[in-house]
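Novice: I'd like to ask you about the structure that follows.
Protein chains: 2
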Amino acid sequence: MKIQAVKGTRDFYPQEMRLRNWIMDAWRRVSIRNGFEEYDGPIFEYLDLFAAKSGPEIASQLFNFTDRGGRNLAIRPEITPTLARMVNAKINSLPRPIKWFSMPRLCRAENPQKGRLREFFQWNIDVIGENSVLADAECIYVCVDAMRELGLTKDDVQIRIGSRAVTTEFLKLIGVPDEKLDSILPVLDKRAKVPDEAFVEMAKNAGLDDKQIKHICEFQDLPAADAVKEYMIQHALVTGGGVVPGVGELQQLEEILAVFGIRDYWAIDFKVVRGLAYYTGIVYEVFDKGQSMRALAGGGRYDNLLEVLGGPKVGACGFGMGDVVLGIMLEEKGKIPKDLIEQRLDFFVINPDSARPKDGQDSNQVANNAIAGGRRVIEMVTQLRSRGVATDFDYSCFGMPLGKQLKEANRRGAAKAVIIQPDGQTVSIKDLSTGSQKDGVPIKDFLENPGRAS
Amino acid sequence: MKIQAVKGTRDFYPQEMRLRNWIMDAWRRVSIRNGFEEYDGPIFEYLDLFAAKSGPEIASQLFNFTDRGGRNLAIRPEITPTLARMVNAKINSLPRPIKWFSMPRLCRAENPQKGRLREFFQWNIDVIGENSVLADAECIYVCVDAMRELGLTKDDVQIRIGSRAVTTEFLKLIGVPDEKLDSILPVLDKRAKVPDEAFVEMAKNAGLDDKQIKHICEFQDLPAADAVKEYMIQHALVTGGGVVPGVGELQQLEEILAVFGIRDYWAIDFKVVRGLAYYTGIVYEVFDKGQSMRALAGGGRYDNLLEVLGGPKVGACGFGMGDVVLGIMLEEKGKIPKDLIEQRLDFFVINPDSARPKDGQDSNQVANNAIAGGRRVIEMVTQLRSRGVATDFDYSCFGMPLGKQLKEANRRGAAKAVIIQPDGQTVSIKDLSTGSQKDGVPIKDFLENPGRAS
Chain A
12 MKIQAVKGTR
22 DFYPQEMRLR
32 NWIMDAWRRV
42 SIRNGFEEYD
52 GPIFEYLDLF
62 AAKSGPEIAS
72 QLFNFTDRGG
82 RNLAIRPEIT
92 PTLARMVNAK
102 INSLPRPIKW
112 FSMPRLCRAE
122 NPQKGRLREF
132 FQWNIDVIGE
142 NSVLADAECI
152 YVCVDAMREL
162 GLTKDDVQIR
172 IGSRAVTTEF
182 LKLIGVPDEK
192 LDSILPVLDK
202 RAKVPDEAFV
212 EMAKNAGLDD
222 KQIKHICEFQ
232 DLPAADAVKE
242 YMIQHALVTG
252 GGVVPGVGEL
262 QQLEEILAVF
272 GIRDYWAIDF
282 KVVRGLAYYT
292 GIVYEVFDKG
302 QSMRALAGGG
312 RYDNLLEVLG
322 GPKVGACGFG
332 MGDVVLGIML
342 EEKGKIPKDL
352 IEQRLDFFVI
362 NPDSARPKDG
372 QDSNQVANNA
382 IAGGRRVIEM
392 VTQLRSRGVA
402 TDFDYSCFGM
412 PLGKQLKEAN
422 RRGAAKAVII
432 QPDGQTVSIK
442 DLSTGSQKDG
452 VPIKDFLENP
462 GRAS
Chain B
12 MKIQAVKGTR
22 DFYPQEMRLR
32 NWIMDAWRRV
42 SIRNGFEEYD
52 GPIFEYLDLF
62 AAKSGPEIAS
72 QLFNFTDRGG
82 RNLAIRPEIT
92 PTLARMVNAK
102 INSLPRPIKW
112 FSMPRLCRAE
122 NPQKGRLREF
132 FQWNIDVIGE
142 NSVLADAECI
152 YVCVDAMREL
162 GLTKDDVQIR
172 IGSRAVTTEF
182 LKLIGVPDEK
192 LDSILPVLDK
202 RAKVPDEAFV
212 EMAKNAGLDD
222 KQIKHICEFQ
232 DLPAADAVKE
242 YMIQHALVTG
252 GGVVPGVGEL
262 QQLEEILAVF
272 GIRDYWAIDF
282 KVVRGLAYYT
292 GIVYEVFDKG
302 QSMRALAGGG
312 RYDNLLEVLG
322 GPKVGACGFG
332 MGDVVLGIML
342 EEKGKIPKDL
352 IEQRLDFFVI
362 NPDSARPKDG
372 QDSNQVANNA
382 IAGGRRVIEM
392 VTQLRSRGVA
402 TDFDYSCFGM
412 PLGKQLKEAN
422 RRGAAKAVII
432 QPDGQTVSIK
442 DLSTGSQKDG
452 VPIKDFLENP
462 GRAS
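Respectively, the protein sequence lines represent chains A and B. Sequential numbering of the first sequence, starting at 12, is according to the numbering used here. Sequential numbering of the second sequence, starting at 12, is according to the numbering used here.
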């Protein structure tokens with residue numbers, strides 16, 4: 012019987028796996044150089060953990076199941092609840108700030124489409140136990156650092172930064188009652204994602220009147236923190252002397268990001284609100300500048316989550332970046348190194364003694380020579396591997412002609428072929444990219460410093 | 012609400028994560044230097060894929076669930092079915108032999124106990140499309156290579172090698188009918204795992220008579236391939252001229268393993284049969300020599316699996332090694348490097364300008380100096396990180412006393428502290444392990460070659 016992979020999942024053949032490793036190695040390298048430590052949790056948790064964070068309706072968006080003990084479990088659709096659970100469990104012994112990263116495999120019960128799969132990897136960067144906007148700024152810096160590491164420039168991507176605090180305050184000032192905020196914020200998040208008429212329709216359905224909607228549109232189009240205060244004074248929403256919560260923090264963020272030297276990578280955009288209820292402060296999304304609606308990453312401050320999950324109130328912020336949209340974008344923009352396509356071996360060891368006798372040769376003698384040569388190949392292979400260099404050989408080397416072994420060496424992407432001469436004392440080293448060959452190299456000398464291809 | 016992790020799963024805090032990465036990096040390094048390429052599949056598959064390989068009873072041993080489309084899915088309990096599915100899907104375009112490895116996360120609906128969890132990682136090495144015993148030998152070599160890479164010697168571990176072919180032939184020769192072989196092989200696999208009386212009981216229940224059981228015990232205690240033939244002649248099971256299937260292959264394996272230079276790491280042991288039905292040839296298990304019943308890894312030849320899953324009949328062999336028993340053993344034997352415990356940073360950048368004015372200082376001036384110093388810290392941090400060195404700083408560096416920042420640098424495992432002098436031109440570099448300090452280093456010189464800690 013022939014069984015397929017499940018729709019929305021991926022098979023990582025070696026070529027796809029090298030791409031995945033290339034992306035994940037970059038994520039890890041960037042995380043570590045920015046002072047973050049790696050963690051991970053289980054692939055499944057109690058369903059309640061996800062429901063506690065996102066409400067019971069989350070159950071339909073993830074894969075849940077019951078174990079033999081009747082426990083309701085679910086494959087993780089995100090790692091933040093696990094992170095909060097883990098930190099809460101050791102809250103008294105973990106020195107803060109906690110700077111952690113993870114690259115979890117996540118699953119969501121989506122309808123698969125381009126850029127959206129049912130299984131993916133997501134890089135997560137989080138700072139827990141720090142209320143300062145410096146932590147938000149550093150997370151944004153780390154995000155830019157990763158973009159650059161993967162070859163993406165300010166012409167490719169932009170981080171658009173909003174503020175839940177400012178947006179919430181603005182909504183209050185234009186008369187939105189507190190109890191409606193949670194349902195209206197996700198509507199504002201749709202502003203840039205749907206046509207204008209659709210947005211107005213959604214806003215009206217959420218209970219906003221025409222004047223409020225006009226205010227919101229004008230507010231969401233403001234270009235910087237400074238402009239918010241001006242707008243509010245201009246429309247008599249606040250007086251000149253008043254402090255608008257969140258605005259000062261956003262101004263501070265702008266200043267610190269300049270010190271971090273990433274001025275070209277971001278812009279203030281109050282259309283970025285983020286859909287999830289749990290954000291409390293600065294929020295941001297990374298967009299592909301070519302296709303502005305495509306988000307590569309998103310995050311923000313979530314100061315209440317640990318408390319919601321049974322811990323203390325502790326400041327926290329961070330972001331997540333998935334591998335699917337990122338991979339599509341890197342591919343489209345030609346940022347994936349060409350040499351990722353092929354396996355790379357340092358050496359391919361070859362026995363030049365074919366088992367096929369030529370005219371006049373004694374066939375037993377030829378066969379014995381071929382076997383002795385094959386044994387020398389294996390011995391050399393183990394010597395090289397034990398020195399840490401990637402080495403292989405042909406399983407048919409006990410008698411296959413030299414030419415066929417060389418062909419296999421090329422197919423396998425070996426940098427050099429090592430042909431063990433029948434004297435058992437010397438090797439010929441053939442550079443497979445240039446074709447140049449060095450003969451008569453004593454085996455002892457060669458093994459002393461075989462060198463690496465990469 | 013406070014929610015726990017599910018029993019039988021693990022939280023990988025940074026310390027545990029470093030150990031997991033240390034093990035998995037070794038697996039990957041060994042795989043690549045032995046010429047294997049990495050692959051991976053989805054964490055869930057159609058339940059039928061696992062049932063096709065292992066029978067419908069597998070459903071109770073794994074976590075299965077139904078998606079919204081009513082599909083019966085399961086979290087993978089092993090990766091071999093996925094491997095076979097992937098290879099079958101591209102069987103005509105993949106050059107053989109296929110030498111692949113993977114380090115999948117796997118889940119089984121076990122009752123958790125020491126060394127056996129519901130979620131674990133398993134290194135898999137497989138060679139597909141090669142019938143020669145050379146492939147079996149190479150897999151065994153790779154297994155030894157990994158043991159040595161992790162610091163385990165011939166005094167710690169031993170690979171015990173059996174042969175399904177020889178064992179099956181022996182059972183036939185002592186009169187076991189073909190249709191009973193599948194149910195009797197798993198009984199033989201229990202021989203070393205249960206007391207003698209229990210084994211005899213199981214064997215009788217499986218339909219073996221006393222004479223057959225005696226034969227089996229004597230056979231299973233034979234020390235090498237040679238001895239099998241002798242035993243068979245001695246007991247008139249075969250004649251002197253006859254060929255016993257599997258024996259020649261096992262002798263060949265013994266010879267090739269000697270050429271691979273790992274003579275001290277293995278022994279023939281016909282008590283190793285492997286429980287699973289799908290093995291067809293040479294089989295082996297890696298045991299902890301200290302606790303001989305504890306298996307670290309196991310594998311063998313499985314020439315029929317691709318065909319069972321809808322592909323052609325293609326020779327295949329390989330092994331799997333889990334991370335749980337391995338981790339326990341490495342810990343017990345003190346093989347885990349001590350410096351894995353701590354985070355390692357190359358540099359921790361420090362602002363020596365505290366915001367607290369001393370007697371007679373102008374407090375505004377002091378505050379401004381502290382802020383300027385903090386900005387210099389961030390600028391230096393970004394310079395160092397962009398050079399790929401792991402660097403961090405204290406979020407409170409805009410004013411916290413030098414001593415507290417140094418303390419934090421030590422806690423974070425930084426190799427060196429970089430104290431930016433108020434002149435803005437020079438730094439002091441303090442080696443945090445020796446305490447020695449070099450003052451007045453021009454920033455330009457320092458950044459030209461900051462060096463790494465590790």
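Idealized CB from N, CA, C, for every residue including glycine. Computed from a prediction, not measured in an experiment: that's the story for all the values here.
So E48 of chain B contacts chain A; which residues on that side make the cut at Cβ distance below 7 Å?
Specialist: Residue mapping note: residue 48 of chain B aligns to position 37 of the second sequence, counting from 1. Chain A residues near E48 of chain B: P25 and Q354.
Novice: Are the beta-carbon atoms of G311 of chain B and R175 of chain B separated by less than 8 Å?
Specialist: For this step, residue 311 of chain B is matched to residue 300 along the second sequence. For this step, residue 175 of chain B is matched to residue 164 along the second sequence. Going by C-beta atoms, G311 of chain B is nearer than 8 Å to R175 of chain B.
Novice: Of all Cβ atoms in chain B, is any one closer than 8 Å to the Cβ of V325 of chain A?
Specialist: Walking along the first sequence from the start, residue 325 of chain A turns up at place 314. No, because no Cβ of chain B sits closer than 8 Å to the Cβ of V325 of chain A.
Novice: What residues from chain B crowd round K13 of chain A, counting only those whose CB sits closer than 9 Å?
Specialist: The residue given as residue 13 of chain A occupies position 2 in the first sequence. Within 9 Å Cβ-Cβ: R96, N99, A100, L320, G321 and G322.
Novice: Write down the C-beta distance between I185 of chain B and V283 of chain B rounded to the nearest angstrom, noting that I regard them as a contact closer than 8 Å.
Specialist: What you label residue 185 of chain B is simply residue 174 of the second sequence in a count that begins at 1. What you label residue 283 of chain B is simply residue 272 of the second sequence in a count that begins at 1. The pair is not a contact, with the Cβ atoms about 19 Å apart (cut-off 8 Å).
Novice: Would you please state the rounded distance, in angstroms, between the beta carbons of I195 of chain A and L219 of chain A? I believe it to be under 8 Å.
Specialist: Here residue 195 of chain A refers to the residue found at position 184 of the first sequence. Here residue 219 of chain A refers to the residue found at position 208 of the first sequence. Rounded, the Cβ-Cβ distance is 7 Å, consistent with contact.
Novice: Do you know how far the Cα of D442 of chain B is from the Cα of E141 of chain B?
Specialist: Here residue 141 of chain B corresponds to residue number 130 of the second sequence, with the count starting at 1. Here residue 442 of chain B corresponds to residue number 431 of the second sequence, with the count starting at 1. Straight-line Cα distance between these residues: approximately 55 Å.
Novice: Check whether the Cβ of S465 of chain B lies closer than 8 Å to any Cβ atom in chain A.
Specialist: One-based indexing of the second sequence puts residue 465 of chain B at position 454. Reliability of the predicted coordinates at S465 of chain B is poor, the pLDDT of 47 falling under 50, and the value obtained from them is presented with this limitation in mind. By this cut-off, S465 of chain B is not an interface position.
Novice: Leaving out five residues before and five after A157 of chain B in sequence, what residues of the same chain have Cβ atoms less than 8 Å from its Cβ?
Specialist: Counting from one through the second sequence, the residue named residue 157 of chain B turns up at place 146. The residues are A37, W38, V41, W134 and M332.
Novice: Rank A:L199, A:G251 and A:I267 by C-alpha distance to the C-alpha of H226 of chain A and give the top, closest one.
Specialist: Here residue 226 of chain A refers to the residue found at position 215 when the first sequence is read from its first residue. Here the closest residue by C-alpha is A:L199.
Novice: Go to E241 of chain A, then tell me how far its alpha helix (DSSP H) extends in each direction, as first and last residue.
Specialist: Looking up residue 241 of chain A in the first sequence gives position 230. From DSSP, the alpha helix (DSSP H) with E241 of chain A extends over A236 to Q245.
Novice: So, are the CB atoms of K415 of chain A and D357 of chain A less than 8 Å apart?
Specialist: Against the first sequence, residue 415 of chain A aligns to sequence position 404. Against the first sequence, residue 357 of chain A aligns to sequence position 346. Their beta carbons are not under 8 Å apart, which means K415 of chain A does not touch D357 of chain A by this criterion.
Novice: Tell me, which residues are paired with P453 of chain A by DSSP?
Specialist: Along the first sequence, read from residue 1 onward, the residue named residue 453 of chain A stands at position 442. In DSSP, P453 of chain A forms a bridge with A:T437.
Novice: Rounded to whole angstroms, how far is the Cβ of C150 of chain B from the Cβ of F330 of chain B, which I believe are closer than 8 Å?
Specialist: What you label residue 150 of chain B is simply residue 139 of the second sequence in a count that begins at 1. What you label residue 330 of chain B is simply residue 319 of the second sequence in a count that begins at 1. Correct: roughly 6 Å between the Cβ atoms.
Novice: Who are the neighbours of R127 of chain A on chain B, taking C-beta pairs under 7 Å?
Specialist: On the first sequence, position 116 is the one that residue 127 of chain A refers to. Per Cβ cutoff of 7 Å: no residues; R127 of chain A is ~15 Å from chain B at best.
Novice: So, with DSSP's three-state summary, where would you put E296 of chain B?
Specialist: Here residue 296 of chain B refers to the residue found at position 285 of the second sequence. DSSP places E296 of chain B in strand when its eight states are reduced to three.
Novice: Which residues in chain A have a C-beta closer than 7 Å to the C-beta of S143 of chain B? List them in chain order.
Specialist: Translated into positions along the second sequence, residue 143 of chain B becomes position 132. Neighbours of S143 of chain B on chain A, chain order: Y406.
Novice: Is A146 of chain B near C328 of chain B, with beta carbons less than 8 Å apart?
Specialist: Your numbering for residue 146 of chain B matches position 135 in the second sequence. Your numbering for residue 328 of chain B matches position 317 in the second sequence. Against a cut-off of 8 Å, the Cβ pair of C328 of chain B and A146 of chain B comes out as a contact.
Novice: Under a Cβ-count criterion, where at least 16 other Cβ atoms within 10 Å of its own Cβ denotes burial, should D450 of chain A be classed as buried or exposed?
Specialist: Mapped onto the first sequence, residue 450 of chain A falls at position 439. Flag for D450 of chain A reads exposed.
Novice: Quick one: is A308 of chain A near chain B, going by C-beta distance under 8 Å?
Specialist: Within the first sequence, numbered from 1, the residue matching residue 308 of chain A stands at position 297. A308 of chain A does not count as touching chain B.
Novice: DSSP beta-bridge partners for S397 of chain B?
Specialist: Here residue 397 of chain B refers to the residue found at position 386 when the second sequence is read from its first residue. According to DSSP, S397 of chain B bridges with nothing at all.
Novice: For A381 of chain A, collect the residues of the same chain with a Cβ closer than 8 Å to its Cβ; drop the 5 residues on either side in sequence, then sort them by chain order.
Specialist: As a working note, residue 381 of chain A is residue 370 in the first sequence. N362, D364, S365, A366, F409 and G410, listed in sequence order.
Novice: Once you ignore the five residues that flank R29 of chain A on each side, which residues in its own chain have a CB closer than 7 Å to its CB?
Specialist: Residue numbering aside, residue 29 of chain A sits at position 18 when the first sequence is read from its first letter. Correct list, in chain order: L351.
Novice: Of all the residues that make up the region 163 to 195 of chain A, which are near chain B by a beta-carbon distance shorter than 7 Å?
Specialist: Listed by position, the residues of the region 163 to 195 of chain A near chain B (Cβ gap below 7 Å) amount to none.
Novice: How big is the Cα-Cα spacing for R386 of chain B and G19 of chain B?
Specialist: If you number the second sequence from 1, residue 386 of chain B lands on position 375. If you number the second sequence from 1, residue 19 of chain B lands on position 8. One C-alpha to the other measures close to 47 Å.
Novice: Report all residues from its chain with a CB closer than 8 Å to the CB of V452 of chain A; omit the five preceding and five following residues, and keep chain order.
Specialist: In the first sequence, counting from the first residue as 1, residue 452 of chain A sits at position 441. Taken in chain order, the residues that qualify are T437, V438, S439 and I440.
Novice: Excluding the five sequence neighbours on either side, which residues of its own chain have a C-beta within less than 6 Å of the C-beta of S104 of chain B, listed in chain order?
Specialist: In the second sequence, residue 104 of chain B corresponds to position 93, counting from 1. None.
Novice: Can you tell me which of B:G301, B:N83, B:F210 and B:Q354 puts its alpha carbon nearest to the alpha carbon of V168 of chain B?
Specialist: If you number the second sequence from 1, residue 168 of chain B lands on position 157. For the residues B:G301, B:N83, B:F210 and B:Q354, the minimum Cα distance to V168 of chain B belongs to B:G301.
Novice: How about T402 of chain B and V335 of chain B: do their beta carbons lie closer than 8 Å?
Specialist: Locating residue 402 of chain B in the second sequence gives position 391, counting from the first residue. Locating residue 335 of chain B in the second sequence gives position 324, counting from the first residue. In this structure, V335 of chain B does not lie closer than 8 Å to T402 of chain B by Cβ.
Novice: Is C228 of chain A near the ligand PLP, in the sense that its beta carbon is under 7 Å from a heavy atom of that ligand?
Specialist: As presented, the structure is devoid of all ligands, the ligand PLP included, so that no description of it is given.
Novice: Who are the neighbours of L84 of chain B on chain A, taking C-beta pairs under 7 Å?
Specialist: Here the question's residue 84 of chain B lines up with position 73 in the second sequence. What L84 of chain B touches in chain A: V17.
Novice: Comparing the C-beta of Y276 of chain A with each C-beta of chain B, is any distance below 8 Å?
Specialist: In the first sequence, residue 276 of chain A corresponds to position 265, counting from 1. With 8 Å as the cut-off, Y276 of chain A does not count as an interface residue toward chain B.
Novice: Where does E49 of chain A fall in DSSP's three states?
Specialist: Numbered from 1 along the first sequence, position 38 holds the residue referred to as residue 49 of chain A. E49 of chain A: strand per DSSP, three-state reduction.
Novice: Here's a check: name, in chain order, each residue in its chain whose Cβ is nearer than 7 Å to the Cβ of F210 of chain A, leaving out the five neighbours to either side.
Specialist: Within the first sequence, residue 210 of chain A is the residue found at index 199, counting from 1. Cβ neighbours of F210 of chain A beyond the five flanking positions: K201 and R202.
Novice: Residue range of the beta strand (DSSP E) that R312 of chain B falls in?
Specialist: Residue mapping note: residue 312 of chain B aligns to position 301 of the second sequence, counting from 1. Unbroken beta strand (DSSP E) run through R312 of chain B: A306 to R312.
Novice: In whole angstroms, what is the alpha-carbon distance linking V177 of chain B and V98 of chain A?
Specialist: Sequence index remark: in the second sequence, residue 177 of chain B carries index 166 (1-based). Sequence index remark: in the first sequence, residue 98 of chain A carries index 87 (1-based). Those two C-alpha atoms are separated by around 54 Å.
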